[in-house]
Structure formats: structure tokens, C-alpha cells
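These protein sequences, in sequence, are chains F and P.
Going by the working numbering, the first sequence opens with residue 1, and the numbers climb by one from there.
Going by the working numbering, the second sequence opens with residue 1001, and the numbers climb by one from there.
Protein chains: 2
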Amino acid sequence: MSKLDVPYKIYLEESEIPSSWYNVRADMKNKPAPLINPATMKPMTFEEMQPVFCDELIRQELDDTTAYIPIPERILSAYKMYRPSPLTHAVFLEELLGTPAHIFYKFEGNNTSGSHKLNSAMAQAYYAKMQGLKGVTTETGAGQWGTALAMACSFFGLECKVYMVKVSYEQKPFRREVMRTYGASVTPSPSMETNIGRKINAEHPNTTGSLGCAISEAVEAAVSTEGYRYVLGSVLNQVLLHQSVIGLETKKACEKYGIKPDIIIGCAGGGSNLGGLISPFMGEKLRGEADYQFIAVEPASCPSFTRGKFAYDFCDTGKVCPMAKMYTLGHDFIPSANHAGGLRYHGMSSILSQLYHDGMMEARAVEQTSVFEAAEMFARVEGILPAPESSHAIRVAIDEALKCKETGEEKTIILGLTGTGYFDMVAYEKYNNGTMSDYIPTDEDLAKGFATIPNVNL
Amino acid sequence: MSKLDVPYKIYLEESEIPSSWYNVRADMKNKPAPLINPATMKPMTFEEMQPVFCDELIRQELDDTTAYIPIPERILSAYKMYRPSPLTHAVFLEELLGTPAHIFYKFEGNNTSGSHKLNSAMAQAYYAKMQGLKGVTTETGAGQWGTALAMACSFFGLECKVYMVKVSYEQKPFRREVMRTYGASVTPSPSMETNIGRKINAEHPNTTGSLGCAISEAVEAAVSTEGYRYVLGSVLNQVLLHQSVIGLETKKACEKYGIKPDIIIGCAGGGSNLGGLISPFMGEKLRGEADYQFIAVEPASCPSFTRGKFAYDFCDTGKVCPMAKMYTLGHDFIPSANHAGGLRYHGMSSILSQLYHDGMMEARAVEQTSVFEAAEMFARVEGILPAPESSHAIRVAIDEALKCKETGEEKTIILGLTGTGYFDMVAYEKYNNGTMSDYIPTDEDLAKGFATIPNVNL
């Protein structure tokens, strides 16, 4: 047992759920670059975004000066369904590793969507409802975001139309059924319901779909259906804002029990979890009030931070979305197969990209067999079977704790445990059978992706 | 929103996890009848049970006088991995139903096994380890008990061999992989590893297995392997004892927030969850200190309480286990197909059977489409996707809350939400597609099962 005198699981009181989100952009001297409209090559305006996004969400997207944005009462009620989430002291993992380090994990998987995605889904569905909309559309790959949105829409009484990448629709029927149970309609993409879907089906009759195509269909369906808008589960500034509830709760729990983190670790796909977890701590660092080591962990097969370029690029392969300045592998980059579906994105949040560019955080790329090794070690002593995505953060937390064992340092490490792996057993089966392999793109592979990054001079 | 002034989710402090289990038998005037040895027709002795069960667990099985049995320190540590579990005020369900009733649910699904089964698995694995054993065997059908035991064995460093009913092994590969991830070996039953398995395979080459056969194989493997014992996840007195942690926490949460339950509802398969949830409240009722209405809910397709006989019967179809006095449909009764795998048992805990026989509790049988209707209603407003088993309790809680709406009574209802339905999406898919049907055994079907109940005169 670890000697640090804190409860194993730290639950805050319901009254300690933060009443405002924290907008880290307000404390950034170098603001993240704005989204630009590829037609005008100028920053996207409120009016240009209106046909696609909900009004209040556009305001949040564009607001880079207000530090605290109050959480509406009804969203707070919804958060109480599954929050506060526990900050757990990984005493059994520490015991197993024999490390003097203290490891804590903020666990966001204790809800049926199985991940932190619900924090933003609840907010986005609420604002859509308040605007008097009838429904929202979105895309989903692995299915966590689609599930979270289906739950949020059912809670607020809103229609929900999910375009699910065809290969996932067929291979993950259980995820699909969870969404249907919450009343969402789920369409395999590419479908025959949209112009872009019909076009792609005509050109590639055997395609199993892609996230880029599903985004294009979801956007087309939103703009062409009365009373609908499109919503997105990661990358955008508004999503990181909503996810700050993770970091704010973590910070409050630390203050309550006198825990001072040295290192904060999160996995990074589009950046929603990592951004949410670190933002209040990053705010302190930006204001010069405290120092922390932040580590973003990404799969070696899709290394946006560690091997990507910091440039304007399209957010989607179909180029229907605006361009964002971010670390990118090129919008046509196709990540080699890996089982952390939520981390297979060519780009990265503009906020995190700017912070990384400014040297405020580090990044590491890890290979998937070492990730599953860490996942299994964690599951066996801490009980929770982690999502492959979250296990990237576990891998680096274990590595850091083992370094402490060598040096004797008593560092305090906090990691974001974004979710559970209950719908990822195909991946665990491969690991258990010893048939999992690692893929790392060659420089040549990357060069092909980089070639698709547009040449933008602003 | 409900006006009752309690937090939405009531988490106790870690220090409030009970330090002793409560043994309801101590307060029963009419003790549950003892297990009998079919060879001698006399009560099973400690020595007769020793080749099969762990010593300390036999002591707990036989002890019907000690009211409180201390929980060893290391089991308490293990409980802290996932306990205390929340008692949640179902404010959104109340709002949807428009009922004056107050509904609370004790949620036991917040752990990777997905159910309350872990409470007894941790205890049983601990005592096996303390006895210096090498490993344990068990059987599993739907897979929740097998998963819980695999987790507990990995936590305490014990080998775990699970015989999984062949049809489940093939149809539920994800459950199997969770067990393997926790280091358990999982064998489809009937196997070629045991005498009974080889015999059944020879006689029925195409059999897909049964729980009765898996039990027989697990017992044979335990008694024929050096350093092994057999463990069981329900029905037994020891299991109800361990599960009393559910009821003790519930009672403490009620006392802390001034909640006085009128009705306590739980689903009943072998009785482990229901028995655990109600026992401390039942103790009060037995001692004449308070009165509560207890409702056991079972599937109409396997109605042990509502249509069964109170008699000595074999606990398993293979007749390798002792006989127990219980409400039974006959050990050869084959329940018609339904999706609540955990409730498809021909018998019932002897403790609960005695209490039911003495008029201390009620029972209701419900049909599965109405159960899934309740499940979906619950999921959409309360967030959690419930297990089909747990949804039986939800069904009756909703029925009782709707009665209150008619009468205007402000009753307080507590239900046991035993687990999550993440591995039951095939059942939800059927419900979503409108292809689920209800099966109720005819009196003739039941008569065939009753004919297999042995004629015991003690």
C-alpha cells in the first residue's frame, strides 16, 4: 500500500461539480489561430458557421477572451447523472511496480457511453434544444462519440442522426445497438441518402467508408434538413471548453487532499480529453503561478504531434469543413491500422497545437503492443479494463513511475483514464493470442500525407 | 425534479464501507434447512464439504448464529477498488413518470465484471489464497460470475479455471476475452478434459452444453487437481453473506440522508443480489424493529418463487452437488429461452426460500418484452443501460411508482440495479427490431420439471 494518506477513490460532493467551464484560450498569449474559410481564405465568421453549427456553440468557438463560462443549470443536472467522476489513487499499481511515485487516474468511463465524450455531448445537445432545433447529425467511427450524443439527445428530447463508418457499423453491431436503444438513427456511411454518399458509392462500389466521408454526409444532412445542425465530438475549441470539467474536478480534488501533481498525462487523438484534463493546470502555468510537466501520448502509427507539421490543413478528407492551423499529417493521411480508433485522426486541436508549438507541453508516441501490455497490467491490479485509447496514457505513466523507481523520486503523476474497453475486445483478443502487431509509418508514408497539406499564406 | 432534498448520487466515504458482513440467518427463527448429502440423506458435514470447498467458506456456509462476521482487511482493500457503490436518486425517471413516489437505485455495475458478483468473488478468492491453494474452478453461463472471479483471482494471485457453457463460449467471445485478459483459462463445456465432459460429448456429440454440465466439470476438475477448490457465485448462504455489503451500504446511506424505504425490490435468479440487498432490512423486520415490503422479481419464463415447489432438490442437473431445500422447478427443468441469463436457474437460495415461505417477502413474475420496455425507458432518462436481469427490478419499481401516481402516495422505493447490459446487446437488438417474444411455461411444462424433484422424507 502506498503511504500517501488520501482515500483510494476521491469523490467530490455534487455541489463541487464546477459551475463554470474554464476557457484556457483566455490565458494564452499566443492565441490558437482561427478557423479559415477556404473559399475566402479569411477567418470564418459567425454568419458563415450558422448553417452548420448551433449559435451558442459558435459563440463559444470564437470566444478566446472569457476565462470562465457558466454551465447552464440543466447541463449541471445532466452532469449529476454521472459526475463527479472519481480521482483514484492507483495504490495497487504502485505496489506492483514497486515505485516511490504516486499515481492517480481521473476515470471518465463510469457512464454508458464509456468515455468522457458525454461531457461535451450533453452541452451540445442542450444548446441545440434551447435553440429550438429538431435534431442534430454527427459521424462516428469507433462509436464512443455517437453513443454519447445518442444518450444526450435522448436526455434532452432531440432527434439524433449518426453516420457510422460502414466497416464499424458492420464490425461493431453492439455499439450500433446501444445508439439505437437511446433512440438514435444509425446509418452506415457512405449511404445512398446524401449526394456525397451516392457519389462515393458510385465511384467506389466496395468502399467500407471513412471518417472523412461520414463527416461530409453528416454535414450535408444537417444543412439540408430543416431544424437540424451538425455537431462534432473533438478537435474544436468548444469541445475542449466543455471537457475542462475533467480538469476542474481533478484540480479541486487535488486541492482538497493536498495532492500536487508533477506530471499530467493524457492520450491525444483530436485532443478533447487531454485538453480538458490539463487546461486549468495549464492556465496556472501560463499565468506563471505553478509549473507542471504535461505529456500528450499518441500512437506511433498516427504521430500528429511527434512527426507532423504545424500548418493550416483541412479538418476532414472531404474538405467540406473549414481549415484549422494544427499539427497535421495531411488530411489525406491514412493511418495504418491500430486498435485505438479514437486516436486515428490526422490533425489535432488548434489550442493544443499552439501550446505544443510554444513548448508548454511534450508529446510521446508509443507502439500498440506496449500499450496493451500496460493495459493488461493495469486491469489486473486496478480492476478497470481500460479503453485502448486511455491505455496510451497508462503506458507513459508506468514508464514515468519506473523512472522514479530508478531515481528514487516521489513524483506525483496524474493520468486521464478516458474510458473503458468493453467494446474493444477484438483488440484484446488479438493481444491475448499474440497476434497483435505494431505499425509505424515510414518517412515515405508521411511524405505522401504531407503532400496533401495546402499551401496557405495568410 | 423531485423535491426530496438529497443528492442525486449518494456516495458514502471509504471509511463507511461496512467492516463486517451481516448474516441474516442469525435473526431467523425458522432457519433455512441445511444442505443434505444425497448418499446419507443427512446434513452435509464440514468434512464432507472439504474436498470441494475452501475451509473458511464452509464455516460461513454452516454458521447460522453469528450475526456479524468481520471482513478481512485485504478484502476491504479490494472492495475499495470499486466500492462504496452509489445509491442514486432516480430524479429523471420520477420526472418522466410524473409520480409522487421517490425511487432510488443501488448501482452495482460500476466495475469491469459489470455486476455485484465481484463482492463475493473477492471474498472467495481471498479465502482460497489464505488457505494456500493454487487455484479455483467454476462454471459460468452468461459470463458475469466468471468475469468477476477472473478479476478477483488476478487481484489475489490465484489461478482461475472457468468452464463456460459451450453456446455462450461461442456466442459471447467478448466475455471470454475479458476473462482471458484477467489471466483466467476458459474452457468450453462440455470439454474433453474431464470424465463427465468426455461422457457427455460421447453421448451427445452436438451438444452446446448446459450450466448443469459445466458445474459437474468444474467440481470434477477441482477435486481431481492438487491445490484446487470449487467456488460458486450464487444460491449458497456464504454468497448471500458476502453480498450483504450491498444492503449494509444502502442502509447506511438511507440513515445518513433520512431516507425511509417502503418497498425494496430486487431481481432473483439464485438470490445473491436480492438476498444481499434486503438482508439488513429483513433483519430489522425479523426483529420487529421496522416493516418493509420486499419484492423478488423473476422472469415469467423461470418462475421458481411464483410457481415452484418448496422442497429438497438437487442444485444441479448433474446431481454432483448436495440437495437444498428451496423453491424449485425441478433440477431437470429447462427454462424457455430468455435474455436474462442470470435468472435462468431452476432453484433459489435456501435463505430466501424460507423467508418467502414464512410470508416475509413477496414475489412477482414479469415478461421479458415488458422488462426491456422498462429497461429502455430507464436508460434514456437515467443514462445507465441496465442488464436484462436488473431490468426485472426496474419493471416492478416503475409499476409501483405508477400505482403511487394513481393513489397519490409518496412511497419510497429502492431497487437493486445489479449491473450493466453492455454484453447483452444481442437482446437489446431483438427488442429494438421488434422481434423479441415472451415465453411462459405451461402447467404441463412445469409438471415435467416437478416430476424430477426427489421424494425426500427427513
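Don't be surprised by glycine CBs; every beta carbon is placed ideally from N, CA and C.
Every value quoted in this text rests on a predicted model; they were computed, and no experiment measured them.
List the endpoints of the continuous beta strand (DSSP E) containing residue i.
i	result
residue 83 of chain F	It is not in any beta strand (DSSP E) - residue 83 of chain F carries neither H nor E in the DSSP assignment.
residue 1137 of chain P	1135-1140
residue 1354 of chain P	Note, residue 1354 of chain P: premise wrong, no beta strand (DSSP E); alpha helix (DSSP H) at 1350-1357.
residue 67 of chain F	Looking at the DSSP string, residue 67 of chain F is not in any beta strand (DSSP E), and its letter there is neither H nor E.
residue 294 of chain F	293-299
residue 1106 of chain P	1102-1107
residue 417 of chain F	412-417
residue 266 of chain F	263-267
Tell me which residues share the same chain as residue i and place their Cβ nearer than 7 angstroms to its Cβ, disregarding the 5 neighbours each side in the sequence.
i	result
residue 1020 of chain P	1068, 1069, 1070, 1071
residue 117 of chain F	144, 145, 148, 233
residue 1123 of chain P	1075, 1242
residue 287 of chain F	27
Along the chain, where does the alpha helix (DSSP H) containing residue i start, and where does it finish?
i	result
residue 1147 of chain P	1144-1156
residue 1310 of chain P	Not the alpha helix (DSSP H): residue 1310 of chain P falls in the beta strand (DSSP E), residues 1309-1314.
residue 278 of chain F	272-286
residue 431 of chain F	425-433
residue 1122 of chain P	1118-1130
residue 324 of chain F	That residue, residue 324 of chain F, is in no alpha helix (DSSP H); its beta strand (DSSP E) goes 323-328.
residue 98 of chain F	Here residue 98 of chain F belongs to no alpha helix (DSSP H), and DSSP marks it neither H nor E.
residue 1448 of chain P	1443-1450
By Cβ distance, which residues of its chain are closer than 8 angstroms to residue i, with the 5 residues on each side in sequence left out?
i	result
residue 1359 of chain P	none
residue 380 of chain F	none
residue 1001 of chain P	Residue confidence for residue 1001 of chain P is low, a pLDDT of 44 falling below 50, so the modelled location carries little weight; the figure read from the coordinates is stated next. Cβ within range, chain order: 1091, 1095.
residue 129 of chain F	156, 157, 158
Which residue's Cα is closest to the Cα of residue i: the options?
i	options	result
residue 1382 of chain P	F:388, F:77, F:202, F:139	F:77
residue 1362 of chain P	P:1232, P:1278, P:1105, P:1036	P:1278
residue 436 of chain F	F:274, F:313, F:355, F:373	F:373
residue 121 of chain F	F:59, F:176, F:240, F:36	F:240
residue 1301 of chain P	P:1158, P:1083, P:1036, P:1442	P:1442
residue 253 of chain F	F:45, F:52, F:87	F:87
residue 157 of chain F	F:439, F:133, F:286	F:133
residue 82 of chain F	F:367, F:110, F:75	F:110
residue 1308 of chain P	P:1316, P:1280, P:1285, P:1365	P:1365
residue 1388 of chain P	P:1264, P:1123, P:1115, P:1295	P:1115
residue 1032 of chain P	P:1244, P:1047, P:1456, P:1311	P:1311
residue 84 of chain F	F:196, F:208, F:248	F:248
residue 245 of chain F	F:12, F:429, F:7	F:12
residue 62 of chain F	F:4, F:51, F:73, F:44	F:44
residue 429 of chain F	F:281, F:375, F:409, F:407	F:375
residue 186 of chain F	F:175, F:401, F:344	F:175
residue 324 of chain F	F:334, F:333, F:332, F:313	F:313
Within its chain, find whatever has a CB closer than 6 angstroms to the CB of residue i; leave out the 5 residues flanking it on each side and keep chain order.
i	result
residue 222 of chain F	137, 228, 229, 230
residue 271 of chain F	348, 349, 352
residue 151 of chain F	113, 182
residue 79 of chain F	17
residue 1454 of chain P	none
residue 1341 of chain P	1141, 1142
residue 268 of chain F	274, 296, 298
residue 1487 of chain P	The requested residue 1487 of chain P does not occur in the structure, where chain P is confined to residues 1001 to 1458.
residue 1172 of chain P	1143
residue 178 of chain F	147
Under the criterion of a Cβ to heavy atom distance below 7 angstroms, does residue i qualify as lining the ligand SAM?
i	result
residue 1170 of chain P	With respect to the ligand SAM, the structure offers nothing, as it holds no ligand at all.
Margin query: Does the contact criterion of 3 or more C-beta pairs under 8 angstroms hold for the segment 1159-1168 of chain P versus the segment 1205-1213 of chain P?
Written below: Result yes; three or more Cβ-Cβ pairs closer than 8 angstroms.
Checklist line | beta strand (DSSP E) runs contained entirely in the segment 166-226 of chain F, provided each spans 3 or more residues | finding: 185-189
Next item on the list: Note down, one range per segment and in chain order, each alpha helix (DSSP H) of at least 4 residues found wholly within the segment 364-407 of chain F.
Entry: 368-382, 388-407
Checklist line | Whole runs of the alpha helix (DSSP H) within the segment 1227-1257 of chain P, excluding any shorter than 4 residues | finding: 1237-1257
Item checked: In chain order, each beta strand (DSSP E) run of at least 3 residues that lies wholly inside the segment 1011-1049 of chain P -> Fully enclosed beta strand (DSSP E) runs of 3 or longer: 1020-1022.
Checklist line | Residues in the segment 394-413 of chain F having any Cβ partner in chain A nearer than 9 angstroms | finding: The chain labelled as chain A is not found among the protein chains of the depicted structure, namely F and P.
Check: Below 8 angstroms, can you find three or more Cβ-Cβ pairs linking the segment 322-329 of chain F to the segment 444-457 of chain F?
Finding: yes
Check: Given 8 angstroms as the limit, is there contact between the segment 1311-1324 of chain P and the segment 1422-1439 of chain P, that is, 3 or more CB pairs closer than that?
Finding: no
Check: Is the segment 1254-1268 of chain P touching the segment 1025-1033 of chain P, taking contact as three or more C-beta pairs under 8 angstroms?
Finding: no
Margin query: Count Cβ pairs between the segment 1405-1421 of chain P and the segment 1382-1394 of chain P that sit closer than 8 angstroms; are there 3 or more?
Written below: yes
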